[in-house]
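With the numbering used here as the guide, the letters of the sequence shown map in order to residues -8 to 279. Every residue gets a Cβ at the ideal spot worked out from N, C-alpha and C, and that includes glycine. In what follows, a single structure is set out as structure tokens and then discussed.
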Amino acid sequence: MGDVLAGIHATWEFEPDAVLIRFERGIRAPKLYQALRERRIPHEALASVTLSPGRRGTVVLHAVPRPGADPLMEAAAGQLKDACDPYRLVLPAERETLAEYYADELRARLAPAAAERADRFLVTAPEAPLQFKAYDGKASFDGGQVAFRWFWTGASSAKWKAGDQSFSVRELSGVEWRSPDVFDGYLRLLRRGHAGDAQPAQADQDPAAVVFGLGYGPVHESLPFAAAVLAAVRDAGAAAVPVPAAVTAGRDPAVIAERIRHLGELYQAGLVTDEEFAVKKAQLLAEL
């Protein structure tokens, strides 16, 4: 095709075998778009293409990736909000006819196996080195190793006791990312040979995890990080399938006391509202 379709915050260029997406870097563009900058999506990485009405006189062209094709979307595990979904192109309603034309063109180029899960990543992951600040430490990734360096102001006693951590991608089986847009957000490294119950249930007690807290580990920093690690693990030959994030209630009083302490620090720092503090504290006390 070779044509270009310019939308709000992104431009799609239609190549013979892929869609090249260039994201706007303006102040109003979603921060994840600014961080990604540009992505090339092969046609074989797409499962379907839709066109639907948007808000305030817009239409949305949405290219849905195949499961397993994009490390970014695999790491996100369905947690991304529509506003920062990199596969959505928002256009003025008057371009609906043009958008429908390109939607049809893309549908005609979908692979025969479009409905099936991809057996490898078909979209390039964000490039290392990458780093971000979590509430309890700094996470960095150089392409071969993930390092966690704890902050004395946020790390739990369990993490201080374990010391700073470094993990080779060959030691890992995957990555678990829970969006910082929810209260208990975190990034956890899943280690090979460790069953789910072999790692601490709570991320703030796990030396292989960093917790976000409100204002830390933003999506545009922590999600590309998780995707890059996930792709590196896959390249290293491990079975890197991200586990859906879930918070398991801890019934050890010491663990719950530590989580309440952590919650109190967030509250004192002004990162949690009175209502959020009261609700979460009640939930934790109910686990005793």
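Residue range of the alpha helix (DSSP H) that includes residue i
i      : result
Arg16  : Premise fails: Arg16 is in no alpha helix (DSSP H) and is neither H nor E.
Ser213 : Val210 to Asp226
Leu89  : Glu87 to Ala99
Cβ-Cβ distance between residue i and residue j below 7 Å
i      : j      : result
Leu121 : Phe216 : yes
Val220 : Val166 : yes
Val10  : Ile32  : yes
Gly128 : Phe139 : yes
Leu52  : Ala102 : no
Leu69  : Arg108 : For clarity, residue 69 is Gly in the given sequence; the question names Leu instead. Cβ distance not < 7 Å, so Gly69 and Arg108 don't count as in contact.
Pro171 : Gly208 : yes
One or two residues paired with residue i in a DSSP bridge
i      : result
Ile288 : Residue 288 lies beyond the range of the chain shown here (-8 to 279); nothing can be said about it.
Tyr177 : Arg169 and Val202
Gln196 : In the DSSP output, where bridge partners are listed per residue, Gln196 has none listed.
Pro44  : Val50
First and last residue of the uninterrupted beta strand (DSSP E) at residue i
i      : result
Trp3   : Ala1 to Phe5
Pro62  : Run containing Pro62: none in the beta strand (DSSP E); it sits in the alpha helix (DSSP H), Pro62 to Ala67.
Trp141 : Gln136 to Trp141
Ser131 : Gly128 to Phe132
Supposed close pair residue i, residue j - CB separation, criterion 8 Å
i      : j      : result
Ala20  : His34  : Not quite, the Cβ-Cβ distance comes to about 25 Å (not below 8 Å), so this is no contact.
Pro77  : Tyr24  : 7 Å
Ala194 : Arg179 : 6 Å
Val50  : Glu87  : 5 Å
Straight-line Cα distance separating residue j from residue i
i       : j      : result
Val160  : Arg183 : 10 Å
Val224  : Gly48  : 43 Å
Gly(-2) : Ala248 : 50 Å
Phe174  : Gly204 : 7 Å
Arg98   : His211 : 29 Å
Ala84   : Ala36  : 27 Å
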